[in-house]
Amino acid sequence: PWTEALVRDPRGFDAVSLHYYTLPTGDWSRKGAATGFDETAWAQTFQRTRRLEAMIVGHDEVMDRHDPENRLGLMVAEWGAWYDPTPGTNGAFLQQQNSLRDALLAAVNFGIFHRHADRVRMANIAQMVNVLQAMIHTDGPRMVLTPTYHAFEMFTPFQGAQALPVTLAGPEYVVGEIRQPAIDVTAARGEDGAVHVALVNIDPDDPAEVRLALEGLGQGAVSGRLLTAERMDSLNSYDDPESVRPVPFQGASWTGGRLNVTMPAKAVVVLTIRA
162 PWTEALVRDP RGFDAVSLHY YTLPTGDWSR KGAATGFDET AWAQTFQRTR
212 RLEAMIVGHD EVMDRHDPEN RLGLMVAEWG AWYDPTPGTN GAFLQQQNSL
262 RDALLAAVNF GIFHRHADRV RMANIAQMVN VLQAMIHTDG PRMVLTPTYH
312 AFEMFTPFQG AQALPVTLAG PEYVVGEIRQ PAIDVTAARG EDGAVHVALV
362 NIDPDDPAEV RLALEGLGQG AVSGRLLTAE RMDSLNSYDD PESVRPVPFQ
412 GASWTGGRLN VTMPAKAVVV LTIRA
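Going by the working numbering, the first residue of the sequence shown is number 162, and it counts up by one from there.
Now the structure itself:
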């Protein structure tokens with residue numbers, strides 16, 4: 162109702178702002194740990210972060226009724242994971258650790274934004290340094306890049322690109338009563354003409370075979386990068402700053418005009434295809 166009333170007569174503004182934070186528990190008084198979590202918390206985290214897509218769809222439906230020309234933008238002005246503060250720190254500073262789970266969470270959110278790029282004009286992770294789902298951690302003169310940083314860096318080919326529609330039928334990831342897609346895929350054509358495909362497998366145990374039908378690409382040259390790690394909560398520390406980092410990916414090949422991708426468990430893969 163609020164959005165309906167706001168956009169019914171949108172004089173004096175050009176966008177609607179939406180904030181959404183991912184809490185594993187959904188409880189602001191006990192959000193969940195940033196590390197040392199179990200698989201239920203892992204699954205809950207992705208289930209809850211995906212609720213953002215339903216919110217965007219709901220806003221888009223209302224905005225389409227009153228703004229069919231898409232003049233108004235939807236700005237996801239704050240998003241990201243919010244956990245309990247790092248033990249021993251000042252809770253008001255909102256410092257939390259950053260693990261492989263956060264890199265995959267960022268990648269899933271990128272897919273949501275790409276699928277709704279006609280209306281979502283801007284999307285801002287809440288903080289960049291030391292606070293919430295930060296891309297950089299510092300301690301005096303020391304600095305470390307987080308797994309979330311690497312997710313952002315891997316997706317830079319999507320900047321300025323044209324989003325391409327993708328449909329996917331794939332396996333489910335099931336933990337107890339929580340059922341959700343295991344695989345997320347998004348694609349775009351870059352300014353240089355190359356097609357970029359990003360895939361996320363949130364299943365922490367099982368790899369997945371993904372077959373992609375990419376019309377008009379023939380069997381172009383494929384290069385790729387992979388981000389994964391040994392544990393669900395693997396992280397980069399000042400003593401081990403490259404525990405979680407992108408590496409070359411060799412698991413994509415053409416067969417019968419389709420691109421077959423062997424996705425490792427708990428992983429992000431970004432492919433570039435040049436005709």
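No residue lacks a Cβ here, since even glycine has one placed at the ideal position from N, Cα and C. None of these values were measured; they are calculated from a predicted model.
Which residue comes first and which comes last in the beta strand (DSSP E) that contains A374?
First-last of the beta strand (DSSP E) with A374: 369–374.
Using the three-state DSSP reduction, which class does L184 fall into: helix, strand or coil?
Looking at L184 - three-state DSSP - the assignment turns out to be coil, as it is neither helix nor strand.
Nearest by alpha-carbon distance to H227: which of I273, E214, S398, A166 is it?
When each option's Cα is compared against that of H227, the closest is A166.
Alpha carbon of T307 to alpha carbon of D175, nearest angstrom
Rounded to the nearest angstrom, the two C-alpha atoms are 34 angstroms apart.
For P308, the first and last residue of its enclosing alpha helix (DSSP H):
Under the DSSP assignment, P308 falls in the alpha helix (DSSP H) whose first and last residues are 308–315.
Do M296 and T309 have their C-beta atoms closer together than 9 angstroms?
M296 is a Cβ neighbour of T309, given a cutoff of 9 angstroms.
If we call anything under 9 angstroms between Cβ atoms a contact, is A374 one with G331?
No, the Cβ-Cβ distance between A374 and G331 is not below 9 angstroms.
What are the boundary residues of the beta strand (DSSP E) that T423 is part of?
Element bounds for T423: 419–424.
Using the Cβ count rule (16 or more neighbours within 10 Å means buried), how would you classify L360?
Buried.
Is there contact here, the segment 214–222 with the segment 239–253, by at least three beta-carbon pairs under 8 angstroms?
No, they do not touch.
Can you give me the Cβ contacts of K192 inside the same chain, cut-off strictly under 7 angstroms, excluding the 5 residues immediately before and after it?
Here the set comprises L184, P185, T186, W243, Y244, D245.
Leaving out five residues before and five after G234 in sequence, what residues of the same chain have Cβ atoms less than 8 angstroms from its Cβ?
Result list for G234: D175, A176, V177, R280, V281, R282, M283, in chain order.
Determine, using beta carbons only, whether R386 and P368 come nearer to each other than 9 angstroms.
Contact: no.
Which value, in whole angstroms, describes the spacing of the CA atoms of A264 and R172?
The alpha-carbon atoms of A264 and R172 are separated by roughly 39 angstroms.
Counting only the same chain and skipping the five closest in sequence on each side, list residues whose C-beta sits under 6 angstroms from that of L255.
Once the five neighbours on either side are set aside, the close Cβ partners of L255 are V292, L293.
So what does L329 bridge to, in DSSP terms?
BP columns for L329 are empty, so no partner.
Rank T416, F274, W189, Q258 by C-alpha distance to the C-alpha of M236 and give the top, closest one.
Out of T416, F274, W189, Q258, the CA that lies nearest to the CA of M236 is found in F274.
Look up S414 in the DSSP assignment and give the residues it is bridged to.
The beta-bridge partner set that DSSP reports for S414 consists of N421.
Would you tell me roughly how many angstroms separate the C-alpha atoms of N259 and G412, rounded to the nearest one?
One C-alpha to the other measures close to 27 angstroms.
If P342 sits next to A426, beta carbons under 8 angstroms apart, how far is it from one beta carbon to the other, in whole angstroms?
Between P342 and A426 the beta-carbon gap is near 15 angstroms, outside 8 angstroms, which marks them as no contact.
Selected residue, minimal CA-CA separation from L420, among R372, N397, R392:
Out of R372, N397, R392, R372 has the C-alpha closest to the C-alpha of L420.
Looking at the strands, I want to know which residues DSSP matches up with L387.
Per DSSP, V408, V430.
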